[in-house]
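Beneath this line is the structure, given in structure tokens, with notes to follow.
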Ligand SMILES: [Ca+2]
Ligand SMILES: [Ca+2]
Ligand SMILES: [Ca+2]
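Numbering (this note's numbering), first residue to last: -2 to 283.
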């Protein structure tokens, strides 16, 4: 009975010591965080787009960065996204003008000491072209700072944008942008040299503004040769009759306007002083 009591006492003493040790350890850990003013850190995730294509309107640049501070991310009290044109920066990356200055917001907290932050700003047609330096900046409660730089090329790539013109009619296929200093392999032309967007890039006779009519489809079943989205028939009127020059007999009356590419119309012209000849022709369209 006496031996059992000692055993319980020892187990109790052991548990108490273990709990006390954990409290001390925890206490020390918390004490460390409060005493040490650790510097925040900023790490690059991404800036996109890195090169901005010419555009008639503003282009939004999205920035993502990982910020961490061993004192906890709540310790980071000042977070900014800054961007300056390179001509406004000195050699030590101090800007005389940060033309873009927006706050950096947390969107995904990884853990107590780290989170993913993002910001976005717009580059407008009125902004300077060339290189822009993006600076993500963080400062903690104790005034310790950290930052990270990246570069965005704005509208300086205009001459290096290539587009496909497979049928060589001078009009390019939509959505075929390539960025390259020299001509990529294939039927690429500079965007600067393109006359516009082709509606069908496998037939050089089909392009915006085509004035001619054709009696066979352009290659994909459509007769829209002038790229206006419609298939316009050349002959919309029903030809009533026609004199056959061989038999000098009147041809049968045409009852309806044939569809594009179909026979049924009588060609017009002058023969023997008569204003038409009786030869069936195909409906042409554009
Ligand atoms: Ca083309
Ligand atoms: Ca074409
Ligand atoms: Ca058309």
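From the three backbone atoms N, C-alpha and C, an ideal C-beta is built for every residue, glycine too.
Below 8 Å between beta carbons: does that hold for residue i and residue j?
i: residue 282; j: residue 174; result: no
i: residue 117; j: residue 194; result: no
i: residue 114; j: residue 177; result: no
Does the distance between the C-beta of residue i and the nearest non-hydrogen atom of ligand 2 fall short of 7 Å?
i: residue 166; result: yes
i: residue 285; result: Summary: the structure shown does not reach residue 285, with the chain confined to residues -2 through 283, and so no result is reported for it.
i: residue 223; result: no
i: residue 201; result: yes
i: residue 204; result: yes
Taking 7 Å as the line, does the beta carbon of residue i fall inside it for any heavy atom of ligand 1?
i: residue 163; result: yes
i: residue 195; result: yes
i: residue 169; result: yes
i: residue 217; result: no
i: residue 198; result: yes
Determine the closest residue to residue i out of the options, with distance taken between C-alpha atoms.
i: residue 132; options: 161, 91, 125 and 112; result: 91
i: residue 200; options: 162, 81 and 88; result: 162
i: residue 64; options: 80, 88 and 38; result: 38
i: residue 75; options: 95, 103 and 86; result: 103
i: residue 49; options: 42, 40, 59 and 41; result: 59
i: residue 224; options: 206, 46 and 55; result: 206
i: residue 94; options: 137, 198, 80 and 101; result: 80
What number of angstroms, rounded off, separates the C-alpha of residue i from the C-alpha of residue j?
i: residue 135; j: residue 179; result: 40 Å
i: residue 220; j: residue 253; result: 19 Å
i: residue 258; j: residue 215; result: 11 Å
i: residue 120; j: residue 40; result: 23 Å
At a cut-off of 7 Å, would you count residue i as near ligand 3, judging by its Cβ distance to the nearest heavy atom?
i: residue 233; result: no
i: residue 283; result: yes
i: residue 229; result: yes
Three or more beta-carbon pairs under 8 Å between the region 156 to 169 and the region 183 to 202, yes or no?
yes
Pairs of beta-carbons, one from the region 159 to 168 and one from the region 132 to 148, closer than 8 Å: are there three or more?
no
Would the region 102 to 118 count as touching the region 67 to 76 if we require 3 or more Cβ pairs under 8 Å?
yes
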